[in-house]
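> The opening residue of the sequence shown carries number 2 in this note's numbering; numbering runs sequentially from there.
Idealized CB from N, CA, C, for every residue including glycine.
These figures come from a predicted structure and were not determined experimentally.
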Amino acid sequence: MRRHLKLILIVFPIFLLVALPVFAFNSSDFLAEAQKYANKICNKRNPFDKDSLLCYLFARSNEQDSIINEHDLALDSQELQVATMTAQITDLQQRVEALENSPTPTLTPTPTLNPTLLSDDFSGPNLDTNIWEYFNSNGGNYSFDNGSIVVPGGSSMFYIRTKNNPFPALGSFTVEFGIQFTSPLPSGIGLALGFQQQNGYDPNNIPVSFWEDSASGLNVSRFGLNVADLGGIDTNYHVGKIIYDGDKYLVYNDGLLKYTSPSSATAKTIWFGNPYCCSNTWTGLKLDYIKVTQP
2 MRRHLKLILI VFPIFLLVAL PVFAFNSSDF LAEAQKYANK ICNKRNPFDK DSLLCYLFAR
62 SNEQDSIINE HDLALDSQEL QVATMTAQIT DLQQRVEALE NSPTPTLTPT PTLNPTLLSD
122 DFSGPNLDTN IWEYFNSNGG NYSFDNGSIV VPGGSSMFYI RTKNNPFPAL GSFTVEFGIQ
182 FTSPLPSGIG LALGFQQQNG YDPNNIPVSF WEDSASGLNV SRFGLNVADL GGIDTNYHVG
242 KIIYDGDKYL VYNDGLLKYT SPSSATAKTI WFGNPYCCSN TWTGLKLDYI KVTQP
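Next up, the structure:
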């Protein structure tokens with residue numbers, strides 16, 4: 002519409018001067034008739050002077066019309082881009098409003114891995130009586146040496162047990178400890194798990210233990226019997242691990258699986274030393290640390 006209006010303003014005065022005698026002014030297709038007339042007179046080889054001027058002006062008007070048409074197309078393209086961007090902005094505003102009005106999601110707490118149920122590094126100088134109970138079964142006493150609790154062995158013996166049940170009622174748990182047997186003698190000692198609190202010597206109360214004596218060497222015992230040899234007489238430091246998987250006990254020595262028990266009930270206590278009353282040839286040990294964790 003804009004292009005046609007400008008073209009009419011250019012051509013109309015010229016057409017009134019030259020083309021009015023040719024046909025009536027009230028033509029319903031002024032531009033078409035003007036173009037037809039211009040083509041007729043401008044195709045002559047020797048047009049008159051006034052016709053030359055008409056042809057020149059008409060050619061210039063066509064050039065202007067072409068330029069105007071190009072600008073119109075560019076403007077239409079820009080208007081389309083503006084409309085598209087406006088729609089995108091409106092969509093983004095609606096999304097922002099939806100996010101602002103949406104309820105804040107409730108975050109699910111991340112479960113704590115390996116919660117510690119019991120931990121003691123035996124730093125001394127006293128036994129932590131919030132965790133342990135001491136029982137003198139055959140004389141003697143413990144001491145602390147460089148971050149370890151010492152059970153001296155020899156002619157005297159005692160045992161130390163957990164004051165309360167450190168294990169969950171159901172499910173799995175892990176007992177890890179650093180241990181070193183110092184003087185293997187015929188009467189063995191070690192670290193054991195019990196079904197009930199140990200009161201005196203009762204091998205039927207011991208589903209699994211990490212043990213040593215001079216006859217059997219380092220071993221895993223169950224109900225007082227050797228069930229897995231761990232390498233003979235051994236006075237080296239070891240990291241022991243007893244895992245209860247909810248059905249059976251798995252015993253590791255320095256990261257290597259050494260024994261898997263039959264199906265068994267869960268333990269309720271830990272003790273170390275020996276509750277037996279009558280001997281004077283006890284093995285000695287140092288316990289560096291102990292901790293109980295649950296997956």
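(1) Given a threshold of 16 other Cβ atoms within 10 Å of its Cβ, counted over all protein chains shown, does V97 qualify as buried or as exposed?
(2) Measuring alpha carbon to alpha carbon, tell me which residue in L286, I291 and K292 is nearest V151.
(3) Using 8 Å as the Cβ pair cut-off and three pairs as the minimum, do the stretch 253-262 and the stretch 151-161 touch?
(4) What does a CB cutoff of less than 7 Å around G148 pick up in its chain, not counting 5 residues either side in sequence?
(5) Look up L171 in the DSSP assignment and say whether it is helix, strand or coil.
(6) Just mark D214 as buried or exposed, buried being the case when its beta carbon has 16 or more other beta carbons within 10 Å.
(7) Can you check whether the CB of I207 is closer than 7 Å to the CB of G195?
(8) For A216, count the other beta carbons within 10 Å of its own beta carbon; 16 or more makes it buried, fewer makes it exposed. Which is it?
(9) Identify the continuous beta strand (DSSP E) that holds G285 and give its terminal residues.
(10) Leaving aside the five residues before and after Q199 along the sequence, list all residues of the same chain whose C-beta is less than 7 Å from its C-beta, in chain order.
(11) Is Q199 helix, strand or coil by DSSP?
(12) Which class does L186 belong to by DSSP, given the choice of helix, strand or coil?
(13) Excluding the five sequence neighbours on either side, which residues of its own chain have a C-beta within less than 7 Å of the C-beta of A33, listed in chain order?
(14) If you draw a straight line from the alpha carbon of S138 to that of C278, how long is it in whole angstroms?
(15) Quick one: what's got a C-beta closer than 6 Å to I244's C-beta in the same chain, skipping five residues either side?
(16) Just mark N220 as buried or exposed, buried being the case when its beta carbon has 16 or more other beta carbons within 10 Å.
(17) Is F182 near G241, with beta carbons less than 7 Å apart?
(18) For the putative contact between R223 and S264, defined by C-beta atoms under 8 Å, what is the C-beta separation to the nearest angstrom?
(19) Alpha carbon to alpha carbon, how far is G172 from A193?
(20) Name the DSSP beta bridge partners of A193, please?
Walking through what the data contain:
(1) exposed
(2) L286
(3) Taking 8 Å as the limit for Cβ pairs, the verdict is that the stretch 151-161 does not touch the stretch 253-262.
(4) Correct list, in chain order: D122, F123, S124 and D289.
(5) Secondary structure at L171: coil, using DSSP grouped into helix, strand and coil.
(6) buried
(7) The Cβ atoms of G195 and I207 lie closer than 7 Å to each other.
(8) Classification of A216: exposed, given that the 10 Å Cβ count is below 16.
(9) Counting along the chain, the beta strand (DSSP E) containing G285 begins and ends at G285 to T294.
(10) Y160, R162, N206, T270, W272 and P276
(11) coil
(12) L186 falls in the coil class under three-state DSSP.
(13) none
(14) Between S138 and C278, the C-alpha separation is close to 5 Å.
(15) Annotation for I244: T175 and L251 place their beta carbon closer than 6 Å to its own, counting only its chain and skipping 5 residues before and after.
(16) buried
(17) no
(18) The beta carbons of R223 and S264 sit about 13 Å from each other, so the pair does not count as a contact at 8 Å.
(19) 19 Å
(20) S210 and W272
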